[in-house]
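Peer 1: Chains A and B, in that order, are what the protein sequence lines are.
The numbering of the first sequence is the numbering used here, which starts it at 6 and goes up by one.
The numbering of the second sequence is the numbering used here, which starts it at 6 and goes up by one.
All residues carry an ideal CB built from backbone N, CA and C; glycine is no exception.
I am attaching a structure below and will ask some questions about it afterwards.
2 protein chains.
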Amino acid sequence: MNRKLFATAILLMAFPFLSMAQNKRNGIKASPKRLFTIEDLIPGGSTYYQNSVPPSKYTAWWGDECLHLELDKVSIIDKKAYDGKTLFTLSDINDALGNQGTLSHLYSVSFPSERTEVLFSNYYNLFLVDWKEKKVVWSLPLDTAASATDFNEESRNLAFVKDNNLYVTNAEGKTSAVSTDGTLTLTYGESVHRDEFGISKGTFWSPDGSLLAFYRMDQSMVSAYPQVNISIPEATVRTGAESPSRAAQLDPDPYPMAGETSHKVSVGIYNVKTGKTIYLETGDPTDRYFTNIAWSPDAKTLYLIEVNRDQNHGHLDAYDAATGKLLGTLFEEHNSKYDEPLHPIEFLPWDSSRFIYQTRKDGYNHIYLYSLKGTQAKLECQLTKGAFEVISVTGFDKKNKTILYTSNEANPIGCAIYSVNMKGQRKLLSDKEGWHSPRLNANGTYLMDTWSAPEVARRYEVIATNGSLRHQYDDIQEPWGQFAVPEMKVGTIKAADGVTDLYYRLVLPTDFDPTKKYPAIVYVYGGPHAHNIDASRHWGVRGWDIWMAQNGYVMFCLDNRGSEHRGLDFEQATFRQLGVEEMKDQLKGVEFLKSLPYVDGDRLGVHGWSFGGFMTTSLMTTYPDVFKVGVAGGPVIDWKYYEVMYGERYMDTPQTNPEGYAKTSCLNKADQLKGRLLIIYGGNDPTCVPQHTLSFIRACIDAGTHPDLFTYPGDGHNMMGTDRVHLHEHISRYFDDFLK
Amino acid sequence: MNRKLFATAILLMAFPFLSMAQNKRNGIKASPKRLFTIEDLIPGGSTYYQNSVPPSKYTAWWGDECLHLELDKVSIIDKKAYDGKTLFTLSDINDALGNQGTLSHLYSVSFPSERTEVLFSNYYNLFLVDWKEKKVVWSLPLDTAASATDFNEESRNLAFVKDNNLYVTNAEGKTSAVSTDGTLTLTYGESVHRDEFGISKGTFWSPDGSLLAFYRMDQSMVSAYPQVNISIPEATVRTGAESPSRAAQLDPDPYPMAGETSHKVSVGIYNVKTGKTIYLETGDPTDRYFTNIAWSPDAKTLYLIEVNRDQNHGHLDAYDAATGKLLGTLFEEHNSKYDEPLHPIEFLPWDSSRFIYQTRKDGYNHIYLYSLKGTQAKLECQLTKGAFEVISVTGFDKKNKTILYTSNEANPIGCAIYSVNMKGQRKLLSDKEGWHSPRLNANGTYLMDTWSAPEVARRYEVIATNGSLRHQYDDIQEPWGQFAVPEMKVGTIKAADGVTDLYYRLVLPTDFDPTKKYPAIVYVYGGPHAHNIDASRHWGVRGWDIWMAQNGYVMFCLDNRGSEHRGLDFEQATFRQLGVEEMKDQLKGVEFLKSLPYVDGDRLGVHGWSFGGFMTTSLMTTYPDVFKVGVAGGPVIDWKYYEVMYGERYMDTPQTNPEGYAKTSCLNKADQLKGRLLIIYGGNDPTCVPQHTLSFIRACIDAGTHPDLFTYPGDGHNMMGTDRVHLHEHISRYFDDFLK
């Protein structure tokens, strides 16, 4: 269950593992005016992949060669011409496997070295096959009940979690238990701190794979939220001595709420050879966050950034990997609002005494170069600088000693690929337009750039990191080509502070008639670490916007202050009063909308999910005369019901910021509701627990106001698959009922 | 928490404890055309008692005198003239109490003897005061945390339950624990078997008060339904070692579902003098119902009717009250569908060797006279007979050796008062019209008859049980007199079987215009042990019907086969397939509705709660083209989620009647939903647990259909107080949105 709140709310992965089968075009020649069905536009729809997702190309790096992975063959992509030559086929692999197993496709194989060896798993085993010799070089059995598997290519050791305990299978196939006392509230090798602080996993191999750092999390002191499972399989229902029942069952989920007792995390290091585990000697882990774990290249030192519960102070600490003793603190960071380290340090591949670190200490996320002397770190220089943000560090070009990264330097809502050398000289490597996702080869010599732009569905380019080559390998056809796509506009308006530019996206109704008056719907997210408008395909528009535009609505979206990639001040404007400034910005958007001659200002709607559900509920109750209809999904209603890590970063605790919590609580505004407001929540939402929505419903009942309600029993924070289509039918129907 | 399902769903007590304060008329002279507000019509509304409930008179018997109890005085009701003379005042009582306590009103005092003694409690103590001598004759301290208190006037012993254990305070004020190991799943002295089989309490004093029979119920083997409490008081929220939390909390409720392991009940007898408890030697209590407990007049024998889990066989057993040994079985009852004994045997006050018993063995509930020889019971005669039902036995006229009872002999939808002598000769004592609720004095000489009829708001009559006197003491003014009350009609149509008469009630829109076409709403309950149409005030119309009629709807209600007071065949037509025949009858009602020239057959709605919520959901999904809009409240969705006692009586078990369960499950019809269906449930409903509604919502999502949903967090099976007003606003709005 993914507990990472807000990213998942708006970013739904559009890459199917097997899109090929769904991409077979039907033979009908479509008219250019074909209309969408909702199944075409919503992830989970039966024709979504066929009609809304540009088909993916699967690629992998093998040394300096870029490979095209297909169902039944792997070929070399010629860096100058389109077609490449076949390297091997699926039959070659299956011939090599013989009676050891079968592989069904080649989409997810990888190439750990420059030898003619391909690595893959077929669920039961991990195989390394020499395709030239047609033989299995090495294999490892896999536990089919394993999760969180983490393979180290260097040592060929494999870590995995099973029933809350951590195990390691070494290259010889011997499995050892790293822990044995795991329970639902004591986990080993799993992600911790609710995936905040950039944490997304719980195991960290040393470069050589001899040592495995891992998280241990004790949640026994955390209050469990009583989630309830209503779907008890009939097969388990029978009378008998043990009294099984079809009655709903409790599914308790440890959930520390803001200001309450939180979990305790420690970091262990397992030595594969000795089978021994040591723990970092951190002392009492109460109210401490251990984040951004990184290994020294020699595997002797483990680095992590510790953050205090207040989240206004971080320090980079070095621990002895052999003893667990603290070696020293390399540097500290302080921010009067909050400090949020998200990126582990990374050592330069060509100099193990220097590392880079990303921080927003000058107001924007930038790359800094440090040199190390023992446990002293010295800032050498700030490598990137300016009113833009480094979005991600892609890797290193060892030969030319440059760092590859992406940033929005060229366009605040774009993401292009750059290199920077040790003197801080930046070079644009990709097209400066659009949104780029590079994948670097191990040598650091080439990038495979997958990108899109408002008019570019998806393009694949091979780029030499030294800038000497940029070859368009493939340009995927726009799947919406056959449809009547509504007109979209992107621009900026001023925020409520009068100075900041905010980006908006406007989608006009299909068959737009400027002399008509249309109802308009604001789609809002509004929270940190997310954005809605960018320079990717169709400006990042949501399928539901298209659906509603086709149904006669003007669709509007505005990334208010607080959203991502616009710098620290932009984000921190919301501190200790989430929603307040965000709403002011959204009202600026409404002002703009109302200024459009074709918008009927008396028929405005608003919809958002998660933080956007909080925004929607807040807007409907704080400014009850603005919107006639709202649909809030999986909302935060009162930050006191939200979890410690995310909640306290932005809101501090209910004890230290009672005014902020009171001011932003929708419970205190339930009596102000005037318009029609539908609230929808996942019945087992582990992120915005049902208590949010249910408390608001209770408050409205007590206040005599009348929201509407729907739930998706058994679903979590987001609805997936066919539930997602149902959800958007439900949302759309509500606007049709009351706004149209 | 009252778990008795269905009665509470439609019968909301209209007698406030203190209606006086709310009955002060405001000075405004209302126009005859005044319209209702929803607050006037719905229980819980701010003006409901003032504008919809005929003010109550509080009365009590003192020997042959009928007393009028007022706030500050008690007077004798002259049986011939209207006004009576004051017997004593509140000051008299408080003077007598002196510093022992204070009494605030005289509405609920009683008169245990013909002495000048009045019995009352003031929350802290029970007092017996001689108003003539102005002194406290006797008093007993009360435990303010006690529940289920049961006072025996003869011995002045008091039984009560506290923290799941049973206690007795004797007349001298000494309290003894009858049990000490009570827990949430092991209760003493509380009602058992989920209030089925006529059970409504857990303690039974012997006539002389020397022995206390009581129920013990072990639910440790029963699956607990995971109810969740979302409202955690802020006061309990603080950080600390014990980690209190504002997170929702589990509130597990043992709930045996049909076909699953049920609870185990035993019957104990506590001897107040010896302090010893014996248990009836019943053997293993698994799957056995111990019902209808009754004492022999000499307190030597305890009678009960044991029913098997199949509920098709009952037997009246006699147990030795001193030893707990089974003395013998007096008689047995068998019914191929189900046997449902609801009335304990009652011994004739003038002959302790004879008792009466009510049973439906000839197809209608009638009174039978038995004589007792040792442990042999011999049927002497059937005292009442005919195609009508005895509704209740009121008591005995010792002098004339008659039994007082009510029945619907004169009118199938009425309830009048009769006497029957030992030869089976019946005599009508009350007005034959209307619905009568008699209260007999201890001597059996007089009745206080509180009654209403369609045109009679509430009337009080004193009736001599020998038929020599019938005096109208008071005739309460119709509180709707000042309002524009819509026209109501009651009549019969034929059931789907073509022969049975079914009663309907039609409410025409206020300001009815026969040339117009109106939308119509069917209000339905439809389950056993309940009816909607009777000969009481305004034909038993619901306030919400009036509200909707005022808003322009034709309101229709039909008591289908399966409902109460119409005989066993009428009720059992539904056996093993609840809803099937009931729906066929309701469709006959729809046919009738559509035949009315002023009903728009394309705008039909349906609403019901509990069994009526099941009927509504079933109708919307079984006959999807009939109703455009439905609102189902607290519904049963699948009988497999309903409890053992009620559920298995009508449906047998999922194991023995899989076809019946499958056929009646709304889960299997979720894909058929076409109209608009709003489902509403109490968030903590302990009767129709939330799993019903949530499973249906899940089934609809999976089937791609779109019901609507609302919940009342924290509420049980019915909404009370202001929540009930909110509920009816919500229901009404839904019909206004989609049916009007």
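Please say whether residue 478/A and residue 496/A have beta carbons closer to each other than 8 Å?
Peer 2: Cβ atoms of residue 496/A and residue 478/A: not closer than 8 Å.
Peer 1: Note down, in chain order, every chain B residue with its Cβ under 7 Å from the Cβ of residue 262/A.
Peer 2: Those are 250, 251, 252, listed as they occur along chain B.
Peer 1: Would you say the beta carbon of residue 403/A comes nearer than 7 Å to a heavy atom of the ligand ADP?
Peer 2: The ligand ADP is not part of the structure shown, which contains no ligands of any sort.
Peer 1: CA-CA distance, residue 547/B and residue 722/B?
Peer 2: One C-alpha to the other measures close to 18 Å.
Peer 1: Relative to the C-alpha of residue 632/B, which residue among 616/B, 661/B, 304/B, 680/B is closest?
Peer 2: Residue 632/B has its Cα closest to that of 680/B, out of 616/B, 661/B, 304/B, 680/B.
Peer 1: Using a C-beta cutoff of 8 Å, does residue 4/B count as contacting chain A?
Peer 2: Absent from the model: residue 4/B. The displayed extent of chain B is 6 to 745, so no value can be given.
Peer 1: Identify the residues that DSSP records as bridge partners of residue 377/A: which are they?
Peer 2: The partner list for residue 377/A (beta bridge, DSSP) reads 382/A.
Peer 1: With a 10 Å radius around its C-beta and 16 neighbouring C-beta atoms as the bar for buried, classify residue 149/A as buried or exposed.
Peer 2: Exposed, because fewer than 16 other Cβ atoms sit within 10 Å of the Cβ of residue 149/A.
Peer 1: Pick out whichever of 158/B, 264/B, 426/B has its Cα sitting closest to the Cα of residue 227/B.
Peer 2: Comparing Cα positions, the closest option is 264/B.
Peer 1: For residue 224/B, decide whether its Cβ has a neighbour in chain A, counting only Cβ atoms nearer than 8 Å.
Peer 2: It does not: the Cβ of residue 224/B has no partner Cβ on chain A nearer than 8 Å.
Peer 1: If I follow the unbroken alpha helix (DSSP H) through residue 623/B, where does it start and stop?
Peer 2: Looking at the DSSP string, the run of the alpha helix (DSSP H) that includes residue 623/B is 616-627.
Peer 1: Taking residue 224/A and residue 237/A to be in contact with their CB atoms under 8 Å, please state how far apart those CB atoms are, rounded to whole angstroms.
Peer 2: Rounded, the Cβ-Cβ distance is 25 Å, inconsistent with contact.
Peer 1: Is there a Cβ from chain A that is less than 8 Å from the Cβ of residue 696/B?
Peer 2: Taking Cβ atoms only, chain A reaches closer than 8 Å to residue 696/B, which makes this a yes.
Peer 1: Please classify residue 414/A as buried or exposed, where buried requires at least 16 neighbouring CB atoms within 10 angstroms.
Peer 2: Buried, because 16 or more other Cβ atoms sit within 10 Å of the Cβ of residue 414/A.
Peer 1: Less than 8 Å separating the beta-carbons of residue 86/A and residue 139/A?
Peer 2: Not in contact: residue 86/A and residue 139/A (Cβ atoms no closer than 8 Å).
Peer 1: Take the Cβ of residue 123/B as the centre, count every other Cβ of all protein chains shown within 10 Å, and call the residue buried at 16 or more, exposed below.
Peer 2: Buried: at least 16 other Cβ atoms inside 10 Å.
Peer 1: Suppose the cutoff is 8 Å on Cβ atoms and the five residues either side in sequence are ignored; what does the same chain contact list for residue 292/A look like?
Peer 2: The answer, listed in chain order, is 267, 313, 314.
Peer 1: Less than 8 Å between CB atoms is the rule here; does residue 699/B satisfy it with respect to chain A?
Peer 2: Yes, residue 699/B counts as interfacial toward chain A.
Peer 1: Exposed or buried, what is residue 104/B when buried is set at 16 or more other beta-carbons lying within 10 Å of its beta-carbon?
Peer 2: With fewer than 16 Cβ atoms within 10 Å of its Cβ, residue 104/B is classed as exposed.
Peer 1: Please check if any C-beta of chain A sits within less than 8 Å of the C-beta of residue 31/B.
Peer 2: Any reading at residue 31/B must be qualified, since the residue scores a pLDDT of 44, below 50, and its modelled position is unreliable; the value itself is stated next. Chain A, which has no Cβ nearer than 8 Å to the Cβ of residue 31/B, makes this no.
Peer 1: Is the Cβ of residue 244/B closer than 8 Å to any Cβ of chain A?
Peer 2: Here the model assigns residue 244/B a pLDDT of 45, short of 50, so the residue's position is not dependable, and the following value carries that caveat. Judged by the 8 Å Cβ criterion, residue 244/B is in contact with chain A.
Peer 1: Could you give the C-beta distance for residue 125/A and residue 109/A, rounded to a whole number, given that I count them as a contact under 8 Å?
Peer 2: Rounded, the Cβ-Cβ distance is 10 Å, inconsistent with contact.
Peer 1: Can you check whether the C-beta of residue 47/B is within less than 8 Å of a C-beta belonging to chain A?
Peer 2: False, the Cβ-Cβ gap to chain A never drops below 8 Å.
Peer 1: Please say whether residue 323/B and residue 380/B have beta carbons closer to each other than 8 Å?
Peer 2: Yes, they are a contact pair.
Peer 1: Would you kindly work out how many angstroms separate the C-alpha atoms of residue 724/B and residue 318/B, rounded to a whole number?
Peer 2: Residue 724/B and residue 318/B: Cα-Cα distance of roughly 36 Å.
Peer 1: How big is the Cα-Cα spacing for residue 643/A and residue 78/B?
Peer 2: Those two C-alpha atoms are separated by around 53 Å.
Peer 1: So, is residue 564/A buried or exposed, given that buried needs 16 or more other C-beta atoms within 10 angstroms?
Peer 2: Its Cβ being crowded by 16 or more others within 10 Å, residue 564/A is buried.
Peer 1: Mind pulling the chain B residues with CB within less than 7 Å of residue 204/A?
Peer 2: Ordered by position in chain B, no residue passes the 7 Å Cβ test against residue 204/A, which lies about 23 Å from the chain.
Peer 1: For residue 549/A versus residue 47/A, is the C-beta distance shorter than 8 Å?
Peer 2: Cβ atoms of residue 549/A and residue 47/A: closer than 8 Å.
Peer 1: By the three-class DSSP mapping on this structure, what secondary structure does residue 708/A have?
Peer 2: Residue state, collapsed to three classes: helix.
Peer 1: Under the rule that 16 or more other beta-carbon atoms within 10 Å means buried, what is residue 460/B, buried or exposed?
Peer 2: Label assigned to residue 460/B: exposed.
Peer 1: Below 8 Å on C-beta distance, what does residue 737/A contact in chain B?
Peer 2: Here the premise fails: no neighbours, minimum Cβ distance about 10 Å.
Peer 1: For residue 140/A, does the three-state DSSP call read helix, strand or coil?
Peer 2: In the structure shown, residue 140/A sits in a strand (DSSP, three-state: E or B).
Peer 1: How do the stretch 404-418 of chain A and the stretch 426-435 of chain A stand: do at least 3 beta-carbon pairs fall below 8 Å, yes or no?
Peer 2: Short answer: they touch.
Peer 1: According to DSSP, is residue 267/B helix, strand or coil?
Peer 2: It is coil, neither helix nor strand.
Peer 1: Can you give me the Cβ contacts of residue 81/A inside the same chain, cut-off strictly under 7 Å, excluding the 5 residues immediately before and after it?
Peer 2: The residues are 70, 72, 89, 90, 92.
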